[in-house]
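A.B. asks: Next up is a structure, given as structure tokens.
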Amino acid sequence: MKRNEEWQPAEPGVRRRIVAAGTAIMGMLVEFEEGAEGAVHAHPHEQLTYVAKGELIFKIGDAERHVSEGDAVYIPSNALHGVRALTPAALFDTFTPLREDLLATMNVSGE
Numbered sequence: 615m616k617r618n619e620e621w622q623p624a625e626p627g628v629r630r631r632i633v634a635a636g637t638a639i640m641g642m643l644v645e646f647e648e649g650a651e652g653a654v655h656a657h658p659h660e661q662l663t664y665v666a667k668g669e670l671i672f673k674i675g676d677a678e679r680h681v682s683e684g685d686a687v688y689i690p691s692n693a694l695h696g697v698r699a700l701t702p703a704a705l706f707d708t709f710t711p712l713r714e715d716l717l718a719t720m721n722v723s724g725e
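Numbering-wise (our numbering), the sequence shown opens with residue 615 and increments by one.
Written out as structure tokens, the structure reads:
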């Protein structure tokens, strides 16, 4: 199983760590400081996000959704999406297929 041992910076006020990556799915922890944003972007992977802590606003396409601890968000393949933390927050992101782009840039170890 591939994973990061250390947190990696993402955007200002955001850090992330891949906790597990198999052959077709991966999971990543993401932490946000209050007010930090994940820029609007898209990728061909399906994404399921679980809110472990805090409150955030997710933008998916033209829709905005206020989420808090215990909520989950599904992001379809190629959907434009971004997020803003209203409070300090923590997410668990799951991607399928693997985010090879992240695996290549985040000091991932293991098999």
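Backbone N, C-alpha and C fix where the C-beta goes; we use that ideal spot for every residue, glycine too. These numbers were taken from a predicted model, which means no experiment stands behind them.
Mark A686 as exposed unless 16 or more other C-beta atoms lie within 10 angstroms of its C-beta, in which case mark it buried.
C.D. replies: A686 should be labelled exposed.
A.B. asks: So, with DSSP's three-state summary, where would you put E714?
C.D. replies: Here E714 sits in helix by DSSP.
A.B. asks: Please go through the same chain and pick out, in chain order, the residues whose beta-carbon is closer than 7 Å to the beta-carbon of A638, but skip the five residues on each side of it.
C.D. replies: Correct list, in chain order: T710, P711 and L712.
A.B. asks: If E625 and V697 are in contact, beta carbons under 8 Å, what's the gap, nearest whole angstrom?
C.D. replies: Actually they do not touch by this definition, with Cβ atoms about 10 Å apart.
A.B. asks: Provide the residue(s) that pair with I632 in DSSP beta bridges, ordered along the chain.
C.D. replies: Answer is M642.
A.B. asks: Return the residue from the list G675, E648 and G641 that minimises the CA-CA distance to G668.
C.D. replies: Closest by alpha carbon: E648.
A.B. asks: Excluding the 5 residues preceding and the 5 following I674 in the sequence, name in chain order all residues of the same chain whose CB lies nearer than 7 Å to its CB.
C.D. replies: Only I689, A693 and H695 meet the Cβ criterion.
A.B. asks: Give a yes or no on whether the C-beta atoms belonging to E645 and N721 are separated by under 8 Å.
C.D. replies: For E645 and N721, no; Cβs fall outside 8 Å.
A.B. asks: Apply the 10 Å Cβ neighbour rule to M640 and answer buried if 16 or more other Cβ atoms are within range, or exposed otherwise.
C.D. replies: With 16 or more Cβ atoms within 10 Å of its Cβ, M640 is classed as buried.
A.B. asks: So, under 8 Å CB-CB, R617 and G724 are touching, yes? Tell me the CB distance rounded to an integer number of Å.
C.D. replies: That pair is a contact at about 6 Å.
A.B. asks: Applying the criterion that 16 or more other CB atoms from any shown protein chain within 10 Å of the CB defines a buried residue, is P676 buried or exposed?
C.D. replies: Reading the sequence as shown, one finds Asp at residue 676 and not Pro. Exposed.
A.B. asks: Tell me, to the nearest whole angstrom, how far the beta carbon of L705 is from that of A635; I am working on the premise that it is less than 8 Å.
C.D. replies: Not a contact, Cβ separation roughly 17 Å.
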